[in-house]
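Each residue of the sequence shown is one higher than the one before, starting from 1 at the first, in full-length UniProt numbering. For every residue, glycine included, the Cβ atom is placed at its ideal position computed from N, Cα and C.
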Amino acid sequence: PKISAAFDYGFLLCISEDALRVETLNEYLSSRSYLVGYGRSQVDAEAFALLCRPLPERHVHALRWYKHIAALKQNSPCRSQAKAKRVQPPWSPPEGTDVSKLHLYNSLTRTKEVFVPQKGNKVLWYCCGPTVYDASHMGHARSYISFDILRRILKDYFKYDVFYCMNVTDIDDKIIKRARQNYLLEQYGEKKPSPSQILQDVLTARTPFKAKLAETTDPDKKQMLERLDAAVDAALGPLQMSVQSNAAGDTLQNQVLLEEAKDLLSDWLDSQFGSQVTENSIFSLLPKYWEGEYHKDMEALNVSKLILVNNSIYEVLTLCIVLYFLSARQLRLAFLMHSWKDTLDYSNNTMESAIQYERFINEFFLNVKDILRSPTDITGQFEKWEAEEIELNKSFYEKKTSVHEALCDNIDTRSALEEMRALVGQSNTYMAARRSAKLPPNRMLLQSIALYLTDMLKTFGAIEGSEPIGFPVGGNGQNADLESTVMPYLSVLSDFREDVRKIAREKKVTELLRLCDELRDDTLPELGVRLEDRDGLPTSVKLVDKETLLKEREERKKMEDEKKKKKEEAARKKQEQEMAKLAKMKVKPSEMFRSETDKYSNFDETGFPAHDAEGKELSKGLAKKLRKLYEAQEKLYNEYLQSTQNGS
1 PKISAAFDYG FLLCISEDAL RVETLNEYLS SRSYLVGYGR SQVDAEAFAL LCRPLPERHV
61 HALRWYKHIA ALKQNSPCRS QAKAKRVQPP WSPPEGTDVS KLHLYNSLTR TKEVFVPQKG
121 NKVLWYCCGP TVYDASHMGH ARSYISFDIL RRILKDYFKY DVFYCMNVTD IDDKIIKRAR
181 QNYLLEQYGE KKPSPSQILQ DVLTARTPFK AKLAETTDPD KKQMLERLDA AVDAALGPLQ
241 MSVQSNAAGD TLQNQVLLEE AKDLLSDWLD SQFGSQVTEN SIFSLLPKYW EGEYHKDMEA
301 LNVSKLILVN NSIYEVLTLC IVLYFLSARQ LRLAFLMHSW KDTLDYSNNT MESAIQYERF
361 INEFFLNVKD ILRSPTDITG QFEKWEAEEI ELNKSFYEKK TSVHEALCDN IDTRSALEEM
421 RALVGQSNTY MAARRSAKLP PNRMLLQSIA LYLTDMLKTF GAIEGSEPIG FPVGGNGQNA
481 DLESTVMPYL SVLSDFREDV RKIAREKKVT ELLRLCDELR DDTLPELGVR LEDRDGLPTS
541 VKLVDKETLL KEREERKKME DEKKKKKEEA ARKKQEQEMA KLAKMKVKPS EMFRSETDKY
601 SNFDETGFPA HDAEGKELSK GLAKKLRKLY EAQEKLYNEY LQSTQNGS
């Protein structure tokens, strides 16, 4: 039972169960201070006397009222007083809930421990810098980016005062050896050895390399050495043939072999002449070069600035291959989608997942920005919330809590990104439902969600710049200016195009419709602009990276070509079936079995077989089966004759 407009004291008396009476009273008092009116009355006193004892803690509203009436009775024993001084009710502080604390994996205890800085909020972080003597690989990139992600989250999300320091080693056995090898290989090339000399030296250098390959047990390293050996073997063949035939030799063949065999040749040269290299400048140039390359690569990967210690040099990532296929953001997302302390699978599936995640999130940002650009007055920005908005907002807060708990759990960015993906999925469902109902979505709610997601991606280092919502467009630092500058013009163009399309449809001017489609599909994508035509709604205008749009256009064209190919194939098969059926219809029933002399040897006057190929009379079962085929063909043939008579 529930109490609605006015308190029914008699109804309260009718409730015999104490627990139900208290629950009913608690619900009624959830929106008022007294049972009747705005002050203590006789009804409060009688209800108080009826309860006779303190109420359970869980009924907070009834308990507040009970304590307040008790205090008033104690301070005002004389009921005849005209007006009692107002007494503040006692305050019951909320119990609250446990707050998640940051736990980090402790490699010493091999378990997750509560993270407690030694001095207040200040975190001193020392990270050992890698040793550099050549270009690095994806593993090094993961180290740089993963530590950058952890540092950003500690600093920007958990608000720690982080002092991050990495050492720099400017001398090391590997650096000395690689610098010496590079110098010897360069000197070897400057001497311009003959093809036969190159061939002899490579074959000599290959002997210790083969021994090293045979001794290697690590499968990954062995596979790498095998690939190197195969490349050298392929380059040896053409030069060996030239030398054996006493040909002059091709300079290109020499260069190819020297390039493929540079690792094993430089190793052999070092073993022969390395002790003669003593010039100090040879060893200082290599680390200086790689340190400069490191800083360039860290800037390209959006890694935060570091405090450097001068006794080391960084290992640098060669990005020319990786970033040809992936952007710095996509590479970072790939690392974010995996636990920072676990082994990462560098497969194509891993990288494709990062690309799809970026595309999914970016599409949400574009849709929200399109909604926020739609014209509205000041009151239209503060829409009333219906059940759908309340549900989405509830999910929004739940997902924020889940993201926070994931980051507290050893900075689990993989789970955090999945929660963010789920939030975007729910927001997309909400927008689609509103679009289907021809109703505007709640701008403020979607803006809040988009701002939160943008802020989190900025914290992770996946978004640069000051744009409040979404990924930058047009390069770093240009996003806000570019979008605010060109969008008014694009909106005018879009509205004009929509008016032209409307007139063209009414007047049935197909050429104008084709030109409008050409503007949308061919011209604007070259400028980084996507138009999305929507039935019953204004055309959506979105600024998207040009390369992304061109790739989308290529994929769309590919799908259209495949669809067209399938359609043509289906039409061809249908035509073949119709031709085969027509050819079959033309066959007279009396002729259909006569050609099958390998099966039948005697026929009646209608052409129906009576004996098999060996002269034996057909069985009744076979004759019955053939008769059905005969009658079916007879029907087809009659249809054919009828069609020819009708001229079809």
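Gln-253 and Gln-272 have their C-alpha atoms spaced approximately 25 Å apart. Collapsing the DSSP output to three states places Leu-622 in a helix.
Cβ contact annotation for Asp-156 (same chain, cutoff 7 Å, sequence separation greater than five): Thr-459, in chain order. The beta carbon of Glu-383 is closer than 6 Å to those of Asn-442 in its chain, skipping five residues each way along the sequence.
Of all alpha-carbon atoms in Val-403, Leu-50 and Ser-194, the one lying nearest the alpha-carbon of Leu-258 is that of Ser-194. Contact check for Lys-122 against Asp-161 passes: the beta carbons are separated by less than 7 Å.
Minimum Cα-Cα distance from Ser-281 among the listed residues Phe-158, Tyr-183 and Ser-347 corresponds to Tyr-183. Apart from sequence neighbours up to five positions away, the residues of its chain that approach Ile-449 with a beta-carbon distance below 6 Å are Phe-396 and Ser-427, ordered along the chain. For Ala-613, no beta strand (DSSP E) segment is defined, and its DSSP state is neither H nor E. Contact check for Ala-62 against Leu-29 passes: the beta carbons are separated by less than 7 Å. Within the segment 402-474, the runs of alpha helix (DSSP H) at least 4 residues long that lie entirely inside it are, in chain order, 413-436 and 443-459. One alpha carbon belongs to Lys-262, the other to Lys-212, and they sit about 16 Å apart. Around the CB of Lys-624, fewer than 16 other CB atoms lie within 10 Å, so the residue is classed as exposed. Under the rule that a run must span 3 or more residues, the beta strand (DSSP E) segments found entirely inside the segment 524-585 read 529-534 and 537-543.
Ranked by how close their Cα comes to the Cα of Ser-595, the residues Met-579, Glu-419, Leu-582 and Asp-612 have Asp-612 in first place. The C-beta of Trp-385 has fewer than 16 other C-beta atoms within 10 Å across all chains shown, which makes the residue exposed. Check the Cα spacing between Leu-25 and each of Gln-42, Gly-37 and Leu-55: the tightest is with Leu-55.
When Cβ pairs closer than 8 Å are counted between the two stretches, the segment 635-645 is seen to touch the segment 574-586, the count reaching three or more. Counting along the chain, the unbroken beta strand (DSSP E) around Trp-125 starts and ends at 122-127.
Going by C-alpha positions, Ser-196 is about 37 Å away from Glu-293. Distance check between Thr-539 and each of Thr-454, Arg-501 and Lys-73 places Arg-501 closest, using alpha-carbon atoms only. Within the DSSP secondary-structure output, Tyr-157 pairs in no beta bridge. Your pair Cys-128 and Tyr-164 does not check out as a contact, with CB atoms roughly 12 Å apart and the cut at 8 Å. Residue environment: Arg-21 is assigned as buried (16 or more neighbouring CB atoms within 10 Å of its CB, all protein chains considered). Apart from the 5 residues on each side of it in sequence, Asn-362 sits with its Cβ closer than 6 Å to the Cβ of Phe-471 in its chain, given in chain order. Exclusion of the five residues before and after Glu-498 leaves Thr-539 as the residues of its chain whose Cβ lies within less than 6 Å of its Cβ. A distance below 7 Å separates the beta carbons of Ser-415 and Ala-406. Using a 10 angstroms sphere on the CB of Glu-46, the tally of other CB atoms stays under 16, which defines it as exposed. Counting along the chain, no beta strand (DSSP E) covers Thr-204; the unbroken alpha helix (DSSP H) around it starts and ends at 195-215.
Under the three-state reduction of DSSP, Phe-603 is assigned to strand.
The criterion of a C-beta distance shorter than 7 Å is not satisfied by Ser-304 and Asp-521. For Val-277, there is no enclosing alpha helix (DSSP H), as DSSP marks it with neither H nor E. For Thr-350, the CB contacts under 6 Å within the same chain, skipping 5 residues up- and downstream, are Ala-334 in chain order.
Per DSSP, reduced to three states, the secondary structure at Thr-109 is coil, with no helix or strand assignment. Three or more Cβ pairs closer than 8 Å define a contact, and the segment 543-552 meets that threshold against the segment 508-527. Here DSSP, grouped into helix, strand and coil, assigns Val-60 to helix.
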